[in-house]
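Down below is the structure, laid out as structure tokens.
Numbering (the numbering used here), first residue to last: 17 to 159.
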């Protein structure tokens, strides 16, 4: 896992990260907000699954949630909405291919090799977060 940038935010930290995904077969990105309370131990987390044509940055730029997350001691993880990269299939339509936010596992070619977002957000990304950050994996929510 690689942290690309970190900024101070309402007493906590907002980081943009990536890691090589075995499930999607490509580099996957996410943002994570760590509230100031992480210095005292593990904190509950909220998974924010953005919609169609979004990235790991849309929620960060538009929601204004980090002030309240800092007050509540809540970690927020916002993954990118789809696999991306040169070897990942794409389509000219805005609602298909890279950037299309469908949290399911594709079953048809050419999509099935990389577009396995259900498995990614249910299995792999939680393992990455649990291994790298002070997240209380027994206290999670999804929005």
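A virtual CB, placed ideally from N, CA and C, is assigned to each residue, including glycine.
DSSP three-state call for residue i: helix, strand or coil?
| i | result |
| --- | --- |
| residue 128 | coil |
| residue 49 | strand |
| residue 138 | helix |
| residue 92 | strand |
| residue 44 | strand |
| residue 119 | coil |
| residue 145 | helix |
Give the straight-line distance between the Cα atoms of residue i and residue j, rounded to the nearest whole angstrom.
| i | j | result |
| --- | --- | --- |
| residue 18 | residue 33 | 6 Å |
| residue 64 | residue 74 | 10 Å |
| residue 60 | residue 131 | 28 Å |
| residue 50 | residue 97 | 21 Å |
| residue 152 | residue 90 | 10 Å |
| residue 85 | residue 92 | 8 Å |
| residue 150 | residue 58 | 4 Å |
| residue 66 | residue 47 | 12 Å |
| residue 22 | residue 103 | 28 Å |
| residue 133 | residue 54 | 28 Å |
| residue 120 | residue 135 | 7 Å |
| residue 20 | residue 35 | 11 Å |
For residue i, count neighbouring Cβ atoms within 10 angstroms of its own Cβ and tell me buried if that reaches 16, exposed if not.
| i | result |
| --- | --- |
| residue 44 | buried |
| residue 126 | exposed |
| residue 30 | buried |
| residue 137 | buried |
| residue 100 | buried |
Going by the DSSP bridge assignment, what does residue i pair with across the sheet?
| i | result |
| --- | --- |
| residue 59 | 151 |
| residue 28 | 25 |
The stretch 125-143 in contact with the stretch 38-45 per 3-pair CB rule at 8 Å: Contact between the stretch 125-143 and the stretch 38-45 is present: three or more C-beta pairs spanning the two stretches fall below 8 Å.
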